[in-house]
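**Q**
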Amino acid sequence: MNTKRWLALGAAVVLLVFSIGLNTVISIFKTDFFSGFESLTTTEQTLVENVVEDGDFDQRIALLSVDGVIQDVGSSTPFTPVSYDHQNFLSQLDNILNDESIKGVVLYVNSPGGGVIESADIHEKIVEIKEQRNIPIYVSMGSYAASGGYYISAPADKIFAHNETITGSIGVIMQSYNFSELADNIGIKFETVKSGEHKDMFGGTRPTTAEERAMVQEMIDDSYETFVDVIEQGRGMTEAQVKKVADGRILGGAQAKKAGFVDELGGLDDTIASIRQDHNLENAQVFEYESSFGDLTSLLGVKISSFFGPSMDQQFLTKVMSSNSGPRMMYLYGEF
């Protein structure tokens with residue numbers, strides 16, 4: 033570890049000790065004087081606005097970002113950030129719904145998809161904003177906007193993608209490990225007491241029966257049809273047009289444009305320029321939301337977690353602890 037890393041680590045330790053000590057003092061001497069310090073050490077997130085491009089405050093463009101797998105794995109804290117904070121993002125959408133100064137939204141999507149429920153949460157909020165606020169929503173796709181990443185993009189008024197963007201992957205998947213043969217080979221016997229014949233289906237301890245596969249397939253098919261409906265409504269396409277490429281295949285940006293899934297090839301700057309020009313927002317201010325954990329980190333001008341940066345071991349542990357071992361339906365492309 034180099035000198036710079038040691039200095040950063042030392043500063044983080046001092047900051048942690050100071051925070052713990054201050055909290056202790058506050059809890060013991062709970063007075064009006066000390067209560068003013070509570071905002072310094074809070075671990076609750078608040079949304080603050082960061083101006084990206086200055087302009088007219090009365091007509092603003094909100095720049096949002098969905099970066100990572102769309103799963104609700106809990107919220108970030110100063111010491112344990114998550115790559116995608118689902119509840120925090122829904123709060124951002126709620127703010128837009130109630131902020132009359134916002135006249136347009138640019139959503140940057142860099143995601144291979146994720147949970148069926150979480151993707152539907154975002155989709156419903158975006159549709160609600162469009163219906164109640166009647167403001168344009170443009171999407172800029174990053175490296176990925178596949179499966180659930182496309183699901184949340186579909187309601188947009190205009191979608192931009194890079195030629196190299198991986199999108200498509202329209203469909204639903206449910207996977208589970210079956211280790212019953214391995215258990216037999218090494219002499220492990222599972223003893224199961226259950227209330228019904230199918231209670232342990234897809235549990236990995238025995239082969240799945242044909243009847244159970246049919247049950248799961250029916251669930252998958254229902255969610256798939258919902259996905260297709262979302263694209264039909266969002267893109268103004270027929271069912272036949274959508275299903276022509278909605279077989280799980282991935283598409284590059286140019287392919288997606290040819291199929292009608294994308295409107296233009298370009299990046300984030302192109303997307304912002306387009307929404308400005310299309311909707312008379314040339315002078316609009318562009319801002320994004322950021323999370324704040326109180327005044328302490330603001331005073332220091334740093335994010336506490338940036339002292340360390342998540343190591344590979346920490347990332348793996350976080351993924352394992354936040355994942356459910358049971359199978360679930362996913363709008364997801366690839367293994368992430």
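The end of the sequence shown is residue 368 by my numbering, with every number in the run present. All residues carry an ideal CB built from backbone N, CA and C; glycine is no exception. Because the structure is a prediction, the values reported are computed rather than measured.
Would you kindly check if the distance between the Cβ of V114 and the Cβ of I139 is under 9 Å?
**A** For clarity, residue 139 is Leu in the given sequence; the question names Ile instead. Not in contact: L139 and V114 (Cβ atoms no closer than 9 Å).
**Q** Would you call the stretch 214-234 and the stretch 257-276 in contact, with 3 or more CB pairs under 8 Å?
**A** no
**Q** Rounding to the nearest angstrom, what Cα-Cα distance links Y183 and E223 in this structure?
**A** When the Cα atoms are used, Y183 and E223 turn out to be separated by approximately 41 Å.
**Q** Between Y365, M361, L364, L313, which has its C-alpha nearest I167's C-alpha?
**A** L313
**Q** Quick one: residues in its chain with C-beta nearer than 6 Å to the C-beta of S179, no 5 flanking neighbours on either side, listed in chain order?
**A** G145, S201, Y363, L364, Y365
**Q** Taking the beta carbon of L96 as the centre, do at least 16 other beta carbons fall within 10 Å, making it buried, or is it exposed?
**A** buried
**Q** A186 and R267 - do their beta-carbons sit closer together than 9 Å?
**A** yes
**Q** Please list, in chain order, all residues of the same chain as A291 whose beta carbon is under 6 Å from its beta carbon, the five residues on each side excluded.
**A** V277
**Q** For a test of the three-state rule: what should DSSP assign to G87, helix, strand or coil?
**A** coil
**Q** Assuming N217 is part of the alpha helix (DSSP H), what are its boundary residues?
**A** 212-217
**Q** Can you give the beta carbon distance from G136 to I191, rounded, assuming they're within the 8 Å contact cut?
**A** About 15 Å; that fails the 8 Å criterion.
**Q** May I ask which residues mark the beginning and end of the beta strand (DSSP E) holding G147?
**A** 145-147
**Q** Counting along the chain, where does the alpha helix (DSSP H) carrying F192 start and finish?
**A** That residue, F192, is in no alpha helix (DSSP H); its beta strand (DSSP E) goes 190-193.
**Q** Return the bridge partner residues of A178 from the DSSP annotation.
**A** G200
**Q** Ends of the alpha helix (DSSP H) at S255?
**A** 242-267
**Q** Quick check: the Cα distance between T78 and P359, rounded to an integer number of angstroms?
**A** 33 Å
**Q** What does DSSP give as the partner residue(s) for F319 in the beta ladder?
**A** V83, A94
**Q** For V141, which three-state DSSP category applies?
**A** strand
**Q** For the alpha helix (DSSP H) that contains L364, what are its first and last residues?
**A** L364 -> not in any alpha helix (DSSP H); beta strand (DSSP E) instead, spanning 362-364.
**Q** Could you tell me the distance, in whole angstroms, from the CA atom of D99 to the CA atom of Q287?
**A** So the two alpha carbons sit approximately 23 Å from each other.
**Q** Decide if K226 is buried, meaning its Cβ has at least 16 other Cβ atoms within 10 Å, or exposed.
**A** exposed
**Q** Given a threshold of 16 other Cβ atoms within 10 Å of its Cβ, counted over all protein chains shown, does L214 qualify as buried or as exposed?
**A** exposed
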